[in-house]
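For reference, the structure is listed below as structure tokens.
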Amino acid sequence: MTVAHTAVEITLDVQLKLIDAGIEAPSYARPGDAGADLRSTIDLVLEPGERRLVPTGVSVALPFGTVGLIHPRSGLAAKHGITVVNAPGTIDAGYRGEISVCLLNTDRTEAFRINRGDRIAQLVIQRIEIADFRIVDELPGSERGAGGFGSTGGFNAR
14 MTVAHTAVEI
24 TLDVQLKLID
34 AGIEAPSYAR
44 PGDAGADLRS
54 TIDLVLEPGE
64 RRLVPTGVSV
74 ALPFGTVGLI
84 HPRSGLAAKH
94 GITVVNAPGT
104 IDAGYRGEIS
114 VCLLNTDRTE
124 AFRINRGDRI
134 AQLVIQRIEI
144 ADFRIVDELP
154 GSERGAGGFG
164 STGGFNAR
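Written as structure tokens, this is what we have:
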């Protein structure tokens, strides 16, 4: 089964297995979107502060040299405080199990209901580099050096 895209050139062939035939395959809402929507296979209520691993009913065979990244849906995050705990979640090319999304309700007072078939996250597929780590005695210098968190100033910098 191939999911059709209009006015967009498909640049990567990804095999997809529907584990739950009643759930829509991941799809892009609009041409040019980076993330394909993933859907919940279950009904659930996320209480304030609660996190749950939510199945999506799909698995993929990503080509080696790519990674699947699970991102929160911006509307759920902005309007309801629903996010992906380990954002972005990582799907390695060798993984063949069901994609599940670890959702968190960050709202302090309101529970959030998810229904079967609701769009809960986005899958972004990217090409990656595989590093050849070489141990050295010293690293080359840089303008930043070893400066870490907050070293460039920031929110209250003057």
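For the sequence shown, our numbering begins at 14 and goes up steadily by one. Glycine is no exception: its CB is placed at the ideal position from the N, C-alpha and C atoms.
On a CA-only basis, which of Glu151, Asp150 and Asp33 is nearest Leu11? Give me that one, please.
The structure shown does not extend to residue 11, since the chain is modelled only from 14 through 171, so no value can be given for it.
Nearest-angstrom Cβ-Cβ length linking Ala134 and Val97, presumed shorter than 8 Å:
Here the question's residue 134 lines up with position 121 in the sequence shown. Here the question's residue 97 lines up with position 84 in the sequence shown. Contact flag correct, Cβ pair sits at about 6 Å.
Relative to the C-alpha of Val137, which candidate in Asp150, Arg65, Pro85 and Asp56 has its C-alpha closest?
The residue labelled residue 137 in the question sits at position 124 within the sequence shown. Answer by Cα proximity: Pro85.
CB-CB under 6 Å to Ala124, same chain, minus the five flanking residues each way: which ones, in chain order?
Taking the first residue of the sequence shown as position 1, residue 124 is located at position 111. If we look at Ala124 and ignore the five residues flanking it on each side, its Cβ neighbours are Val58 and Glu60.
With distance defined between alpha-carbon atoms, name the residue in Asn118, Leu75 and Leu66 nearest to Ala106.
Position 93 of the sequence shown, counted from the start, is the residue given in the question as residue 106. Selected option, being the one with the closest Cα: Leu75.
Flag this pair as yes or no: are the beta carbons of Arg129 and Asp56 separated by less than 8 Å?
Start at 1 with the first residue of the sequence shown, and residue 129 comes out as number 116. Start at 1 with the first residue of the sequence shown, and residue 56 comes out as number 43. Yes; because the gap between Cβ atoms is below 8 Å, this pair is in contact.
Skipping 5 residues on each side, what residues in its chain have a beta carbon closer than 8 Å to that of Gln28?
On the sequence shown, residue 28 is found 15 positions in, with the first residue counted as 1. Excluding sequence neighbours, Gln28 sits near Val73 and Ala74.
Assumed close pair Leu89, Ile95 - CB separation to whole angstroms, cut-off 8 Å
Walking along the sequence shown from the start, residue 89 turns up at place 76. Walking along the sequence shown from the start, residue 95 turns up at place 82. Right, the Cβ-Cβ distance comes to about 4 Å (below 8 Å), so this counts as a contact.
Would Ser113 and Thr165 qualify as a contact pair, given that the criterion is a beta-carbon distance under 8 Å?
Reading the sequence shown from its first residue, position 100 is the one you call residue 113. Reading the sequence shown from its first residue, position 152 is the one you call residue 165. Their beta carbons are not under 8 Å apart, which means Ser113 does not touch Thr165 by this criterion.
In the DSSP output, what is Ser40 paired with across the bridge?
The count along the sequence shown starts at 1 and reaches residue 40 at position 27. Ser40 pairs with Asp50.
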